[in-house]
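Here is the structure we will look at, set down as structure tokens.
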RNA sequence: GCCCAGAUGGCGGAAUUGGUAGACGCAGCAGACUCAAAAUCUGCCGUUCGCAAGGAUGUGCAGGUUCGAUUCCUGUUCUGGGCACCA
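Structure follows, in structure tokens:
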């Protein structure tokens, strides 16, 4: 008897394990998530930033964005859209190669293994990906098209007149007709093929050039600027130096202005846009030429400077050239020759790292030469200094110490006298970069506000023919080659120093097998070790990580197309990615590159839109919350957190999963670290309290939490909802598993609205009352708007409120519950589907119609008005919503509590805001 | 140094065309059910004065605007993120 009852109770419980298993199998079998390109429904494209399949697998931070996008996809589907929600893997890259070097395993093997781990983990959480559309950037059938697109870039140039990319043929035609910047049409025709090709290379959107690159000796490769942080490699922290090498580049600078303008048409967060704007670094100013007064008998020289502040031309006290500037040698006087040479030697001895880390150090050297200020004929000394960079502007500046702090410090250090052109705005102790001062000692600019004088000065400079208006960008062309193995080979052959594109029919140029993954000779990549590759003169470097990720969103649309990277009709159907979800770490890398590629493909007519992502949502980073134990130095004794200051202790990371809050499970710890099985533990109030700190989530810090464990313990639906319940999606926060119980309790409570432990099935088909429909419709309204706004934490709380309220009034009516299940389906799809079938509904809840919100159920006749006296709430009075000011005043004044506060006085004023509140001013 | 975002109970957070601060959840306390535990249910839960009724105070800090400020303005401190000799 007792046994029977037990079984019965068990049967009615919320058994998430079997429910989730059952419906995952069902959805797979019915191909519930397969998406068609041929639909009468409106398309909607929701995309996650695809992951790099690392060996470590997923931790709880990864799914945050994936859950958010999954909810949105499912929601849009219920709203009647044909939703594209794919997933794939960014599977080329350095870590797999590093791992290959260490273990000798082929990166393809380890990558394959990692991907299957990732997929298994993702599937447990119940995402609605159409796996038939999966892409992998390291798959030849994918990188065939990466190579194809590279060739399009190679065969195109940016025509500044049309402001877009065009075929390189149009450039050749132009040269044949009109010649180029330094050559005539007939000269062009007389150039050798090689000479012509060298000129053309300077225009290609993907081009090869010798350039200073970030060379990392330890990694044996060249790194992009954004892979170098403070002079060391982002990955591994190895030193990085400048080295001249032949490299491939993308001419992203040609698109600087369009990348900037495009930001006005997309829905990215302001800070994300700001980051991109800063990276592009547009500055408006002018170039102008200073003649050098030659005292050492050389031919005449001119120094071209770039400035954003031509209004300060009369405050110029010296010019500064970058040490690498080509005129340095020519203008240096014999008296200064030795000092200059010493200084140049010093500069060369300094690595980039030192230059960056010692920014505040002031160094420089006088060349002995003087330039002439074209406006007043003053002699201006010409210096060289590290703080002027060869790579920006013209590599030369006009220094205005009263307005620029670096110039001020320099003048101060080398005792150069300072001209003040802004009067009281300059106090002599530091520069003042204001644009609001009125200019003095400035000839034709006298009396003008600096911001107005900028325009006047430029006009004068242009009029005199000594310079012109000029816009500069900080952004550099993007390095596009790596001396590495695990990346896309370039479809390029070298013949007599000329790069030749492979025919498209020769693609994919497959990555050959190599015996060893170490670098080739002379800093070349591993491919240089392959004899065939060398004899065929193929390019030995490979493409960087961002090559495949710059266009993957297009391949998802048409993943199996063997004749095109994506059919134009298909990309026209899906259009831009409607919502793109991912972290902020790709703000200036991936996002800029994919925006550029999209613009090129648009210009060339391959696609019909020139921004890839309509809306970008940045999920915050889930940080790890590390726990520490403290061991007295050299002993086997651990002391609790509060006692550690009394001893000299070592701090050790301890696995966060064996700590409840801050209290360590000492036995679990002893099992985890058998070395300490016999250790002593000094406790506080019977507990061992750990120290804690927020750090990046990583295996080595023992602060990772695996989603698999939580799914096993609470189910995927609880896990999904808890991740969303943590707080606003874009906010970073440390992970804390405490609290997941609350969400789990909510789902069990929902379950009990359908199934009672004792009574069995309790949902019924009774007609819902107005009060019940009011709860329902308030919930519909709230969930719908919260989901639209990605405010998932408040949506989860709205579900809790609805379930609490309906349970309180014992409303278990199908009419209400079935609508609630549809609302819930995007968040907790498994339980929603199970209960939906228990209600006897036809079909899947995935394809139900989203319930329509009806205002009529929310209409109120009365309101509990808060009534305050001088702004402090003293009581609530229930008043009809139709009452006017006079009626309200009457009611309020006659109220007992208000009368008490009035103490017989007349109120000065009664403020009545209909539907909001009442304030009595005494 | 520059740019951006933020600061609300013991904790995660909610509420901004200015209108009852602390929704929802966690943790905690008290109680019911139980032989007991789990599960579940009920009540309390910013601080402070008070037996209570009720009052005072309270959204980083200091001011201001307003009948009324977490919300707007000025200044300031701290935290997180980005950029950094870019002329």
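Residue numbers (this note's numbering): 12 to 933.
Where is the CB? At the ideal position from N, CA and C, for every residue including glycine.
For the segment 726-783, not one full-length beta strand (DSSP E) segment reaches 3 residues or more.
Shortest Cα-Cα distance from residue 611 to any of 80, 173 and 33 involves 173. Per DSSP, residue 700 is not a residue of any beta strand (DSSP E), being assigned neither H nor E. When the beta-carbon positions are compared, residue 639 and residue 663 come within less than 8 Å of each other.
Going by C-alpha positions, residue 443 is about 48 Å away from residue 656. Between the alpha carbons of residue 100 and residue 167 lies a gap of roughly 29 Å. Burial state of residue 96 is buried, judged by a 10 Å Cβ sphere holding 16 or more other Cβ atoms. Taking all protein chains shown into account, residue 641 has 16 or more neighbouring C-beta atoms within 10 Å of its C-beta and is therefore buried. For residue 543, the three-state secondary structure derived from DSSP is helix. By the C-beta criterion, the segment 666-679 is judged to be in contact with the segment 696-703, since at least 3 inter-stretch pairs fall below 8 Å. Annotated three-state conformation of residue 45 is coil, per DSSP. Of the other Cβ atoms in all chains shown, fewer than 16 fall within 10 Å of the Cβ of residue 475; this residue is therefore exposed.
Assignment of residue 273 by DSSP, reduced to helix, strand and coil, places it in the helix class. In the same chain as residue 722, and ignoring 5 residues on each side of it, the C-beta atoms closer than 7 Å to its own belong to 135, 136 and 730, in chain order. Judged by beta-carbon spacing, residue 705 lies within the 8 Å limit of residue 634, meaning their Cβ atoms are closer than that value. Leaving aside the five residues that flank residue 313 on each side, the residues in its chain whose CB is nearer than 8 Å to its CB run, in chain order, 300, 301, 302 and 303. In the three-state DSSP reduction, residue 562 falls in the coil class, being neither helix nor strand. By the neighbour-count criterion, in which a residue is buried when 16 or more other Cβ atoms sit within 10 angstroms of its Cβ, residue 685 is exposed.
Less than 8 Å separates the beta-carbon of residue 538 from that of residue 500. With respect to residue 530, residue 506 sits apart: the two C-beta atoms are not nearer than 8 Å.
Taking 8 Å as the cut-off, the Cβ atoms of residue 562 and residue 160 count as close. Residue 681 is not a Cβ neighbour of residue 660, given a cutoff of 8 Å. Between residue 445 and residue 269, the alpha-carbon positions lie close to 30 Å from each other. Beta-bridge partners assigned by DSSP to residue 381: 304 and 392.
DSSP places residue 549 in the strand class (E or B) of the three-state scheme. The secondary-structure analysis by DSSP pairs residue 821 with nothing; it has no beta-bridge partner.
Residue environment: residue 57 is assigned as buried (16 or more neighbouring CB atoms within 10 Å of its CB, all protein chains considered). Within the DSSP secondary-structure output, residue 278 pairs in a beta bridge with 626. When the Cα atoms are used, residue 551 and residue 185 turn out to be separated by approximately 33 Å. Secondary-structure assignment with DSSP links residue 296 through a beta bridge to 481. With contact defined as three or more Cβ pairs closer than 8 Å, the segment 70-88 and the segment 111-127 are not in contact.
Using a Cβ-Cβ distance cut-off of 8 Å, the segment 81-89 and the segment 793-810 are in contact, since at least three pairs of beta carbons, one from each stretch, lie closer than that value.
Taking 8 Å as the cut-off, the beta carbon of residue 399 is found no closer than this to the beta carbon of residue 391. Scanning 832, 470 and 441 for the CA closest to the CA of residue 455 turns up 470. At the C-beta level, residue 631 and residue 492 stay beyond 8 Å of one another. Note on geometry: alpha-carbon atoms of residue 690 and residue 774 lie some 57 Å from one another.
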